[in-house]
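Protein chains in written order, with the working numbering: chain D, 1 to 309; chain P, 1 to 298.
Ideal placement from N, C-alpha and C gives every residue a C-beta, glycine not left out.
From a predicted model like this one, the values you see are computed outputs, not experimental measurements.
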Amino acid sequence: MSSDGPPPQVADVEPESRAEGERRRIAPRAGAPVAPARDVNGATAAAGEQEPKQGLSVTLQQLRAFYGDAEQVKGIDLDFRANEVTAIIGPSGSGKSTVVRCINRMHEEIPGARAEGRVMLDDLDVYDRSVDVVAVRRAIGMVFQKPNPFPTMSVFDNVAAGLRLSSSGRGAQGKHDLRSKVEEALRAAGLWDEVAERLGEPGAALSGGQQQRLCIARSLAVQPEVILMDEPCSALDPIATLKIEELIEELKQRVTIVIVTHNMQQAARVADRTAFLLSGQLVEVGPTQEIFTKPNDPRTEEYVTGKFG
Amino acid sequence: MSVQGPPGARLARFAVSPARRRKDRLARGTVTAGAVIALIPLALVLFYLLRKGLGSWSPSFFDTDPTGNTFFKASSIGGIKSAILGTVEIVALASAIAIPIGIGTAVWLVEYGRTSRFASLVRFFVDVLTGVPSIVFGLFIYIVLVVGTGSSYAGYKGSLALSLLMLPVVIRSAEVILMLVPSGLRESALALGAPRWRVIFSIVLPTALPGMVTGVLLAIARAAGETAPLLFTAAATDRTNLNLGQFMNSLPVQIYKDVTSPTTAVVNRAWGAALTLVVMILLLNVIARLVSRRSRLA
């Protein structure tokens with residue numbers, strides 16, 4: 001990606017070259033055995049027919065996640081379609097956060113935690129032994145519940161952090177290139193107009209809603225194909241929440257979005273599809289409209305109508 | 001809900017009872033007295049130090065070595081230049097050894113060892129080391145590096161003894177500060193696709209830096225005031241010596257020697273040296289405070 005030069009418009013990048021670049025980035029390093037059945041053409045077709053779409057699909061296959069001996073996620077099969085917003089809803093403790101944390105392999109950062117099954121990013125198993133976890137996380141960005149800009153860094157440095165912290169180091173980033181990427185990410189996060197004059201201020205000096213959009217800009221800057229959002233609005237007021245929701249609508253043009261939310265109205269507003277989790281199992285997934293109006297499973301109906309949870 | 005009854009009765013319900021007022025006064029008086037009593041020895045020490053020590057301060061006090069000539073008038077006994085330089089040099093080397101190892105250990109404990117069995121073992125031994133009397137560290141270095149090698153005392157051996165003393169303090173304080181760094185920061189950096197070592201160097205350590213500086217300065221201050229570990233590792237000498245491989249003077253040892261002298265002028269030099277040491281440590285503490293005020297974690 002970085003060899004493409006400054007991409008002011010991500011749309012400039014051709015789908016083919018992008019898909020191949022993707023393979024180079026995540027795939028095992030030279031010498032490692034290549035995993036079987038790499039369908040390059042399939043990826044290209046999925047990546048963009050007319051409009052060059054950026055997102056990649058994510059598929060969970062019999063995903064199980066453990067904290068020590070406790071099984072928190074009990075075998076989930078779920079498909080997150082490219083360039084769609086999928087909401088995960090469910091009561092507290094149903095495993096929503098654990099599921100999204102398994103997708104970019106953050107789950108394993110918790111001592112004693114492990115995952116089984118497969119998480120396919122397009123056609124690549126992110127849990128394959130030869131896959132570099134760092135590359136997976138660069139392809140799958142994450143926004144957390146609490147806005148958490150790096151406290152020692154300015155607004156600019158926060159957005160540039162992902163680019164600078166990459167293993168390739170900052171040597172690969174020209175100064176001008178970095179600036180344009182930061183601006184691009186801030187624009188994409190709808191924050192540029194508010195912070196253009198305040199790039200040198202500490203990131204923590206922004207309001208809560210701005211901080212969360214700063215965190216979104218930070219994850220956008222490394223140009224991921226998927227963004228995971230773990231209750232991104234739960235610490236925000238309604239106006240800031242509305243801005244994030246509008247942003248999600250725009251962002252799905254370029255990335256696949258998975259959003260965990262406690263707020264069912266939010267799921268109804270932003271999600272193309274909604275999955276309902278209960279006790280670590282998938283109860284039902286479908287178009288959001290259907291989940292909320294005519295769900296197949298009585299438990300889903302009880303939950304979305306507020307009878308429990 | 002409205003308050004019932006006529007106005008007089010209403011007020012009586014909300015009045016503070018005399019018994020409670022008495023108890024409050026008693027409790028408040030007790031804790032205030034405790035604070036005042038604790039201040040008394042501190043104030044007396046400072047008062048005596050200033051009264052006795054300031055008298056011996058003069059330009060030549062700081063830029064001459066002890067002459068070893070202790071039976072004549074005050075002007076001929078010399079100053080404490082060798083002791084100041086020796087203390088600075090010994091403590092600097094001790095810090096250069098203890099700080100990197102200590103912070104490295106703390107980073108390992110917090111970022112890698114976490115709850116593993118080996119990490120618990122390391123924590124246990126660090127706790128034990130914290131409680132070891134300083135003379136034991138001196139004895140250890142004496143047995144291993146002075147007696148053990150058949151060689152003699154040297155400044156660097158004193159530094160090693162002090163660094164052992166500093167190590168547990170540095171590890172514990174740095175560990176506490178590193179654990180204060182919100183795990184959300186680590187997670188969001190990892191989720192950006194940063195390798196763990198970059199997360200530590202670019203996010204965790206800069207965030208923890210002000211707090212760690214405080215702990216490190218306090219460890220330095222503690223080591224600078226120690227006499228026991230230096231007595232039989234670095235020994236003492238009158239002349240200024242900048243070579244860490246030889247006998248070296250230091251403020252605590254100079255004070256220890258001078259205060260036992262029968263000559264009043266020499267005892268006064270001990271007071272002057274003590275005041276110098278306290279001022280040096282006070283300056284370190286002030287710096288530590290200024291730095292920690294900037295801490296973003298406080």
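On the criterion of 16 or more Cβ atoms from any shown chain inside 10 Å, does residue 243/P qualify as buried, or is it exposed?
Reading the second sequence from its first residue, position 243 is the one you call residue 243/P. Residue 243/P comes out exposed.
Listing by chain order, which chain A residues have their CB less than 9 Å from the CB of residue 165/D?
No chain A appears in this structure, whose protein chains are D and P.
Taking 7 Å as the limit between beta carbons, can you name the residues of its chain near residue 54/D, skipping five residues before and five after?
In the first sequence, counting from the first residue as 1, residue 54/D sits at position 54. 10, 225, 254 and 255, listed in sequence order.
In three-state DSSP terms, what is residue 78/D?
Position 78 of the first sequence, counted from the first residue, corresponds to residue 78/D. If DSSP states are grouped into helix, strand and coil, residue 78/D belongs with the strands.
In this structure, does DSSP put residue 279/P in helix, strand or coil?
Residue 279/P sits at position 279 when you count from the first residue of the second sequence. Residue state, collapsed to three classes: helix.
Among 184/D, 181/D, 243/D and 180/D, which one has its Cα closest to the Cα of residue 211/D?
For this step, residue 211/D is matched to residue 211 along the first sequence. It is 243/D.
With a 10 Å radius around its C-beta and 16 neighbouring C-beta atoms as the bar for buried, classify residue 142/P as buried or exposed.
Position 142 of the second sequence, counted from the first residue, corresponds to residue 142/P. The residue in question, residue 142/P, is buried, as its Cβ has 16 or more Cβ neighbours within 10 Å.
Helix, strand or coil for residue 279/D, going by three-state DSSP, please let me know.
As a working mapping, residue 279/D is identified with position 279 in the first sequence. Looking at residue 279/D - three-state DSSP - the assignment turns out to be coil, as it is neither helix nor strand.
Under 8 Å by Cβ, that's how I've got residue 200/P and residue 111/P pegged, so tell me the actual separation to the nearest angstrom.
As a working mapping, residue 200/P is identified with position 200 in the second sequence. As a working mapping, residue 111/P is identified with position 111 in the second sequence. 6 Å between Cβ atoms; contact.
Which of the three DSSP states, helix, strand or coil, is assigned to residue 132/D?
Walking along the first sequence from the start, residue 132/D turns up at place 132. In this structure, residue 132/D counts as coil in the three-state DSSP scheme.
By the DSSP assignment, the beta strand (DSSP E) with residue 66/D in it spans what residues?
The residue given as residue 66/D occupies position 66 in the first sequence. Unbroken beta strand (DSSP E) run through residue 66/D: 58–67.
Quick check: the Cα distance between residue 247/P and residue 259/P, rounded to an integer number of angstroms?
By 1-based counting over the second sequence, the position of residue 247/P is 247. By 1-based counting over the second sequence, the position of residue 259/P is 259. Straight-line Cα distance between these residues: approximately 20 Å.
On the three-state DSSP scale, how would you describe residue 227/P?
For this step, residue 227/P is matched to residue 227 along the second sequence. Three-state result, residue 227/P: coil.
Give the DSSP-derived three-state secondary structure of residue 235/D in the structure shown.
Translated into the one-based positions of the first sequence, residue 235/D becomes position 235. Looking at residue 235/D - three-state DSSP - the assignment turns out to be coil, as it is neither helix nor strand.
When we look at the beta-carbon of residue 296/D and count the other beta-carbons within 10 Å, is it buried (16 or more) or exposed?
Within the first sequence, residue 296/D is the residue found at index 296, counting from 1. Flag for residue 296/D reads exposed.
Should residue 209/D be flagged as near chain P, meaning a C-beta pair shorter than 7 Å?
Within the first sequence, numbered from 1, the residue matching residue 209/D stands at position 209. Answer no: the Cβ-Cβ gap between residue 209/D and chain P never drops below 7 Å.
Which residue comes first and which comes last in the beta strand (DSSP E) that contains residue 121/D?
Here the question's residue 121/D lines up with position 121 in the first sequence. First-last of the beta strand (DSSP E) with residue 121/D: 113–121.
Which one of 276/D, 202/D, 231/D and 205/D has the shortest CA to CA distance from residue 94/D?
Within the first sequence, the letter at position 94 stands for residue 94/D. It is 276/D.
Any beta carbon of chain P sitting closer than 7 Å to that of residue 336/D?
What is shown of chain D runs 1 to 309, which leaves residue 336/D out entirely.
In the DSSP assignment, find the unbroken beta strand (DSSP E) run with residue 141/D in it and report its ends.
Within the first sequence, the letter at position 141 stands for residue 141/D. Run containing residue 141/D: 140–143, per the beta strand (DSSP E) assignment.
Select from the segment 108–120 of chain P all residues with a C-beta closer than 7 Å to any C-beta belonging to chain D, and list them in chain order.
Answer set for the segment 108–120 of chain P: 114 and 115.
DSSP beta-bridge partners for residue 198/D?
On the first sequence, residue 198/D is found 198 positions in, with the first residue counted as 1. Residue 198/D is not bridged to any residue.
Along chain P, which residues have their Cβ under 7 Å away from the Cβ of residue 219/D?
As a first step, residue 219/D is located in the first sequence; it is residue number 219 there, counting from the start. Within chain P, the residues near residue 219/D are 192.
Using a C-beta cutoff of 7 Å, does residue 206/P count as contacting chain D?
What you label residue 206/P is simply residue 206 of the second sequence in a count that begins at 1. At least one chain D Cβ lies under 7 Å of residue 206/P.
If you drop the 5 nearest sequence neighbours on each side, which residues of the same chain put their C-beta closer than 8 Å to that of residue 282/D?
As a position in the first sequence, residue 282/D is number 282, starting the count at 1. Taken in chain order, the residues that qualify are 76, 77, 78, 275 and 276.
Going by DSSP in three states, residue 284/D sits in which element: helix, strand or coil?
For the purposes of this step, residue 284/D is taken as residue 284 along the first sequence, with counting starting at 1. Strand.
Could you give the distance in angstroms between the alpha-carbon of residue 188/D and the alpha-carbon of residue 155/D?
If you number the first sequence from 1, residue 188/D lands on position 188. If you number the first sequence from 1, residue 155/D lands on position 155. About 15 Å.
Is the shortest distance between the beta-carbon of residue 168/P and the beta-carbons of chain D less than 7 Å?
As a working note, residue 168/P is residue 168 in the second sequence. Closer than 7 Å: no.
What runs of the alpha helix (DSSP H), each 4 residues or longer, lie entirely inside the segment 236–269 of chain D?
Within the segment 236–269 of chain D, the complete alpha helix (DSSP H) runs of at least 4 residues are 238–251.
Exposed or buried, what is residue 80/D when buried is set at 16 or more other beta-carbons lying within 10 Å of its beta-carbon?
The residue given as residue 80/D occupies position 80 in the first sequence. Result: buried.
So, for residue 20/P: in the same chain, excluding its five sequence neighbours on each side, which residues have a beta-carbon less than 7 Å away from its beta-carbon?
Here the question's residue 20/P lines up with position 20 in the second sequence. Correct list: empty, nothing qualifies.
In chain order, what residues of the same chain lie with their CB nearer than 6 Å to the CB of residue 216/D, ignoring the 5 residues before and after it?
Translated into the one-based positions of the first sequence, residue 216/D becomes position 216. Annotation for residue 216/D: 143 and 189 place their beta carbon closer than 6 Å to its own, counting only its chain and skipping 5 residues before and after.
Is residue 184/P close to chain D, meaning its C-beta is less than 7 Å from at least one C-beta of that chain?
Here residue 184/P is taken as the residue at index 184 of the second sequence, counted from 1. Yes, residue 184/P lies at the interface with chain D (some Cβ there is under 7 Å from its Cβ).
Along the chain, where does the beta strand (DSSP E) containing residue 86/D start, and where does it finish?
Here residue 86/D is taken as the residue at index 86 of the first sequence, counted from 1. Looking at the DSSP string, the run of the beta strand (DSSP E) that includes residue 86/D is 85–89.
Tell whether a beta-carbon distance below 7 Å holds between residue 221/P and residue 153/P.
Position 221 of the second sequence, counted from the start, is the residue given in the question as residue 221/P. Position 153 of the second sequence, counted from the start, is the residue given in the question as residue 153/P. No, the pair does not count as a contact, with Cβ atoms beyond the cut-off.
Who does residue 229/D pair with in a DSSP beta bridge?
Working through the first sequence from its first residue, we reach residue 229/D at position 229. In the DSSP output, where bridge partners are listed per residue, residue 229/D has 143/D and 259/D.
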